[in-house]
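Everything below concerns the one structure shown next.
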Amino acid sequence: MIILMITLILLNNTTYPGGYINVSVEGTGKISLPNCTYIEDSKILKNGNYTIRVSYSCKPGNYTIFADGSKYNFTVLNATYEYLINSTIELEIENVKLKDKIRDLELENQNLTRELKHYINLTKDLRNENTILKRNIRDLRDKIDSLNGEIAKLKEDLKRLKSDKSNLE
Numbered sequence: 666m667i668i669l670m671i672t673l674i675l676l677n678n679t680t681y682p683g684g685y686i687n688v689s690v691e692g693t694g695k696i697s698l699p700n701c702t703y704i705e706d707s708k709i710l711k712n713g714n715y716t717i718r719v720s721y722s723c724k725p726g727n728y729t730i731f732a733d734g735s736k737y738n739f740t741v742l743n744a745t746y747e748y749l750i751n752s753t754i755e756l757e758i759e760n761v762k763l764k765d766k767i768r769d770l771e772l773e774n775q776n777l778t779r780e781l782k783h784y785i786n787l788t789k790d791l792r793n794e795n796t797i798l799k800r801n802i803r804d805l806r807d808k809i810d811s812l813n814g815e816i817a818k819l820k821e822d823l824k825r826l827k828s829d830k831s832n833l834e
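Taking the working numbering, the leading residue of the sequence shown gets 666, the next gets one more, and so forth.
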């Protein structure tokens, strides 16, 4: 059994009532019909090329298939307005859900961006503080070296004074 599926909404815009759509039935049971989305119907078809004629005589979406130019009585789909409206409503509901999800993701993205900017600023502040602390450490080391030099000088002076004192005694 070959399953042929077509929907009126997604036919390419070059197809009009009375126009034709080419379809191929392959040995694997696969049906090739470009620019269409498929909806189930059951009819046994042999392998070969068929042409589907689009007609709107009763309800939108009625199709008749022609095998090698002769009529092959085959109605694929009766798409009622109610079906199309329900499909549209379902798509609209899905669209609203997707918009809500997009809005939530955008808010989350804004929050994460704000948080990232905060961390970047913290990092800059920490780098500045680190630079200041390194400078302070360097200054303190220089001061320590200077004080060590003064201590050494004072020790020499003390030593000299002690020796002068012992010479005086």
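In this text, a Cβ means the ideal position worked out from N, Cα and C, and glycines have one as well.
Apply the 10 Å Cβ neighbour rule to residue i and answer buried if 16 or more other Cβ atoms are within range, or exposed otherwise.
i, result
"K827", "exposed"
"G734", "For G734, the predicted model reports a pLDDT of 46, less than 50, meaning its position is unreliable; a value from the coordinates is still stated below. Classification of G734: exposed, given that the 10 Å Cβ count is below 16."
"K820", "exposed"
"D790", "exposed"
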